[in-house]
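Trainee: This is the structure, below, for whatever I ask next.
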Amino acid sequence: MISTLKIDKLEVTIYETPVDLGKAAADFVQRKLSDAIAEKGNANMILATGASQFKFLEALKEKDIEWQKITVFHLDEYKNISDSHPASFRKYLKDRILNAVKPKKIYFLNGDADDVETEMNHYSEALINHPIDIACIGIGENGHIAFNDPPVADFDDPKLVKLVNLDNACRNQQLGEGWFPTFEDVPKQALTLTITAIMDCKAISCVVPDERKAEAIYNTLYHTISTGCPATILRNHNETRLFLDSASASKLGK
12 MISTLKIDKL EVTIYETPVD LGKAAADFVQ RKLSDAIAEK GNANMILATG ASQFKFLEAL
72 KEKDIEWQKI TVFHLDEYKN ISDSHPASFR KYLKDRILNA VKPKKIYFLN GDADDVETEM
132 NHYSEALINH PIDIACIGIG ENGHIAFNDP PVADFDDPKL VKLVNLDNAC RNQQLGEGWF
192 PTFEDVPKQA LTLTITAIMD CKAISCVVPD ERKAEAIYNT LYHTISTGCP ATILRNHNET
252 RLFLDSASAS KLGK
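Going by our numbering, the final residue of the sequence shown carries number 265, and the count climbs one at a time with no gaps.
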């Protein structure tokens, strides 16, 4: 660990490399899952996707965790993309961790459901019935959490899941990470957990490596809390840990 700081309620830890960051976040998540299982015999969690989560998921997969007692949700999924599409978040999670660890139950958000409204309602009901012990999330280059981009983010959202339009900054990030061959191929809509759903989680682990996230991290920590940078709301959560590497923390100074 290089350093720590606290901004409002948000605890921030900075590590030298994405590997170190990933291991530290996996330790934190393992502890939260173990505490929940010790308290009530089971745990409920949310997993994120994207290039920023690679090292964290690699480390989490190697942890001694009682996955047979854990129910897993995920943050979002593109509209009209099947779970066999290379950019599908369901496919991502299956390939990178879920097929290996075999949780007790997995609730997938099906972006290609015939009736999207019904799908979102069912997912919302499942979330209500499984209060989340730990959410594993990231922060986008535009400051979004899940797919709550600045134009659609709502800190008082009455919904737990909603259909949103993706802004161009978000779509450019998906293109830049290599998930789609051209900008036009990047979907314009997605199903996402709302900020209300994320903030309702008991604990949040936020993993954000990479220099391309440095400006978003600076804004998250030092700008006014507003939907102009949705991730600023994490500073109001009672138990959130933000994990950075030296690159993503590069604009914070000393």
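Ideal placement from N, C-alpha and C gives every residue a C-beta, glycine not left out. Bear in mind that the values here come from a model prediction, so they are computed numbers and not experimental data.
Taking 8 angstroms as the cut-off, does the stretch 184-195 touch the stretch 225-239 (at least 3 CB pairs, one atom from each stretch)?
Mentor: Short answer: they don't touch.
Trainee: Taking 8 angstroms as the threshold (C-beta atoms), are L177 and A201 in contact?
Mentor: Position 190 of the sequence shown, counted from the first residue, corresponds to residue 201. Position 166 of the sequence shown, counted from the first residue, corresponds to residue 177. For A201 and L177, yes; Cβs fall inside 8 angstroms.
Trainee: Scan the stretch 157-205 and note each continuous beta strand (DSSP E) run of 3 residues or more that stays entirely inside, going in chain order.
Mentor: Runs of the beta strand (DSSP E) inside the stretch 157-205: 172-176 and 200-204.
Trainee: Verify whether the separation of the beta carbon atoms of A157 and T203 is less than 8 angstroms.
Mentor: As a first step, residue 157 is located in the sequence shown; it is residue number 146 there, counting from the start. As a first step, residue 203 is located in the sequence shown; it is residue number 192 there, counting from the start. Closer than 8 angstroms, so yes.
Trainee: Among the residues of its own chain, which have a CB less than 7 angstroms from the CB of L171, if the five just before and after it don't count?
Mentor: Residue numbering aside, residue 171 sits at position 160 when the sequence shown is read from its first letter. Same-chain partners within the cutoff: S135, L138, L204, T205, T207 and A208.
Trainee: Count Cβ pairs between the stretch 248-259 and the stretch 15-30 that sit closer than 8 angstroms; are there 3 or more?
Mentor: Touching, per the Cβ criterion.
Trainee: Let me know if I108 comes out buried or exposed under the rule of 16 or more other beta-carbons within 10 Å of its beta-carbon.
Mentor: Taking the sequence shown and counting its residues from 1, one reaches residue 108 at position 97. Buried, because 16 or more other Cβ atoms sit within 10 Å of the Cβ of I108.
Trainee: Mark E73 as exposed unless 16 or more other C-beta atoms lie within 10 angstroms of its C-beta, in which case mark it buried.
Mentor: For the purposes of this step, residue 73 is identified with residue 62 of the sequence shown, where counting begins at 1. It counts as exposed.
Trainee: Can you list, in chain order, the residues of its chain with a C-beta nearer than 7 angstroms to that of A62? Leave out the 5 residues immediately preceding and following it.
Mentor: Counting from one through the sequence shown, the residue named residue 62 turns up at place 51. E188.
Trainee: Quick check for students: name the residue ranges of the alpha helix (DSSP H) that lie wholly in the stretch 63-123, counting only runs of 4 or more.
Mentor: Qualifying alpha helix (DSSP H) stretches, in chain order: 65-72 and 100-104.
Trainee: So which of W190, I57, I148 and L71 has the shortest CA-CA distance to A35?
Mentor: By 1-based counting over the sequence shown, the position of residue 35 is 24. Of the listed residues, the one whose Cα sits closest to A35 is L71.
Trainee: For I150 and I76, what's the separation of their Cα atoms in angstroms?
Mentor: Residue 150 sits at position 139 when you count from the first residue of the sequence shown. Residue 76 sits at position 65 when you count from the first residue of the sequence shown. The straight-line gap from Cα to Cα measures roughly 25 angstroms.
Trainee: Is the separation between the beta-carbon of A180 and that of N159 shorter than 8 angstroms?
Mentor: Along the sequence shown, one-based indexing puts residue 180 at 169. Along the sequence shown, one-based indexing puts residue 159 at 148. Contact flag unset, no.
Trainee: Quick check: the Cα distance between H271 and T243, rounded to an integer number of angstroms?
Mentor: Absent from the structure is residue 271, since the part of the chain shown begins at 12 and ends at 265.
Trainee: Could you tell me the distance, in whole angstroms, from the CA atom of A54 to the CA atom of K213?
Mentor: Here residue 54 is taken as the residue at index 43 of the sequence shown, counted from 1. Here residue 213 is taken as the residue at index 202 of the sequence shown, counted from 1. For A54 and K213, the distance between alpha carbons rounds to 11 angstroms.
Trainee: To which residues of the same chain is K115 closer than 8 angstroms at the C-beta, ignoring the five residues directly before and after it?
Mentor: Here residue 115 refers to the residue found at position 104 of the sequence shown. Excluding sequence neighbours, K115 sits near N53, W78, Q79, K80, I81 and T82.
Trainee: In angstroms with no decimal places, state the Cα-to-Cα distance between L68 and V219.
Mentor: Residue 68 sits at position 57 when you count from the first residue of the sequence shown. Residue 219 sits at position 208 when you count from the first residue of the sequence shown. Taking the straight line joining both Cα atoms gives about 13 angstroms.
Trainee: Express the C-alpha separation of T251 and K51 in angstroms, rounding to a whole number.
Mentor: Position 40 of the sequence shown, counted from the first residue, corresponds to residue 51. Position 240 of the sequence shown, counted from the first residue, corresponds to residue 251. For K51 and T251, the distance between alpha carbons rounds to 21 angstroms.
Trainee: Between I57 and F84, is the Cβ-Cβ spacing less than 8 angstroms?
Mentor: Here residue 57 refers to the residue found at position 46 of the sequence shown. Here residue 84 refers to the residue found at position 73 of the sequence shown. In contact: I57 and F84 (Cβ atoms closer than 8 angstroms).
Trainee: Considering Cα atoms alone, identify which of D19, D165, A98 and D167 is closest to Q184.
Mentor: Working through the sequence shown from its first residue, we reach residue 184 at position 173. That would be A98, whose Cα lies nearest to the Cα of Q184.
Trainee: So E136 is in the alpha helix (DSSP H); what residue range does that whole segment cover?
Mentor: Locating residue 136 in the sequence shown gives position 125, where the first residue counts as 1. Note, E136: alpha helix (DSSP H), V127 to N140.
Trainee: For the beta strand (DSSP E) containing T60, list its first residue and its last residue.
Mentor: Position 49 of the sequence shown holds residue 60. No beta strand (DSSP E) holds T60; DSSP gives it neither H nor E.
Trainee: Which residue wins for smallest C-alpha separation from H248, given the options D221, D211 and K262?
Mentor: Translated into positions along the sequence shown, residue 248 becomes position 237. Of the listed residues, the one whose Cα sits closest to H248 is D211.
Trainee: Residues in the same chain with beta-carbon distance under 7 angstroms from F39, minus the five sequence neighbours each way, listed in chain order, please.
Mentor: Walking along the sequence shown from the start, residue 39 turns up at place 28. Result list for F39: S216 and R252, in chain order.
Trainee: Just how far apart, CA to CA, sit N140 and Y118?
Mentor: On the sequence shown, residue 140 is found 129 positions in, with the first residue counted as 1. On the sequence shown, residue 118 is found 107 positions in, with the first residue counted as 1. Their Cα atoms are separated by approximately 12 angstroms.
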